[in-house]
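K.L.:
Numbering (the numbering used here), first residue to last: 569 to 841.
If you want it as structure tokens, here you go:
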């Protein structure tokens, strides 16, 4: 029962992070409300986990590293919910949520509650499944965004050259193509971010810090940097739609490079060595 409360809380916490990241990238009240609601559910689940540990130990569960970190993560969740009531505190809530989520994941992978051994491989396997699933979804979303960006550049070139062909007439407007690509980048970036966080935490929990310098990890980080740069510039309205479409494609090149690196990377071969 304890494992169910704890692990379910981790998975819902990951979903909550997706919505908080989305809200911070572009103000979205609906995403903020959803992220807050999910965070409240996580708080309830972790409170249940603490109650179970207190019942098992017949005292306040604070005397082992596992219990201490569990209580710390729960306290951060409560603090995040309180701070979330303040105005303009979205980034504070996001940072606290990332810290709390990281503590829960590392605690689950690194320590054990009391003397009861956890099924370590099952935990790692579940987190890696989520990591791969989110990475796959982000790849799909970024691919569609890249397609719209190519269409944008094609249409932009045709209109600039005043070439009114039948193909041009059948395409959406530049404004719509730009909007589609931007919306998809807003979805794909949080997905890849949480996937990257999960993978990094899994590596750290195993003490394989050398893998953080793996080409696949560095390429993923660079790809995220390009997309976040694109989103930042897009919000600042400092550049043309054509340039922004090119940034989308540059980011997508890194996404493809990440996939190709699976052949040479040791990152997905670290488990079980």
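Each residue gets a CB set at the ideal place from its N, CA and C atoms; glycine is no exception.
Compute the beta-carbon to beta-carbon distance between residue 618 and residue 638, rounded to the nearest angstrom, for a pair I have assumed lies under 8 Å.
P.N.:
6 Å
K.L.:
Rounded to a whole number of angstroms, what is the C-alpha to C-alpha distance between residue 700 and residue 770?
P.N.:
12 Å
K.L.:
Contact check, residue 714 vs residue 816 under 8 Å by CB: the rounded distance?
P.N.:
6 Å
K.L.:
Does the distance from the CB of residue 823 to the CB of residue 710 come in under 8 Å?
P.N.:
yes
K.L.:
Which value, in whole angstroms, describes the spacing of the CA atoms of residue 687 and residue 767?
P.N.:
Summary for residue 687: the model assigns pLDDT 48, below 50, so the residue's position carries little reliability; its value from the coordinates is reported in the next sentence. Taking the straight line from one Cα to the other gives about 19 Å.
K.L.:
Roughly how many angstroms lie between the CA atoms of residue 820 and residue 584, to the nearest whole one?
P.N.:
25 Å
K.L.:
I'd like to know whether the C-beta atoms of residue 642 and residue 615 end up nearer to each other than 8 Å.
P.N.:
yes
K.L.:
Looking only at C-alpha atoms, which of 799, 757 and 723 sits nearest to residue 745?
P.N.:
That would be 723, whose Cα lies nearest to the Cα of residue 745.
K.L.:
Taking contact to mean at least 3 C-beta pairs separated by less than 8 Å, is the stretch 746-762 in contact with the stretch 779-795?
P.N.:
yes
K.L.:
What is the DSSP secondary structure of residue 729, reduced to helix, strand or coil?
P.N.:
coil
K.L.:
Quick one: residues in its chain with C-beta nearer than 8 Å to the C-beta of residue 589, no 5 flanking neighbours on either side, listed in chain order?
P.N.:
662, 757, 758, 761 and 762
K.L.:
Can you list, in chain order, the residues of its chain with a C-beta nearer than 8 Å to that of residue 610? Leave out the 5 residues immediately preceding and following it.
P.N.:
Correct list, in chain order: 577, 580, 581, 584 and 645.
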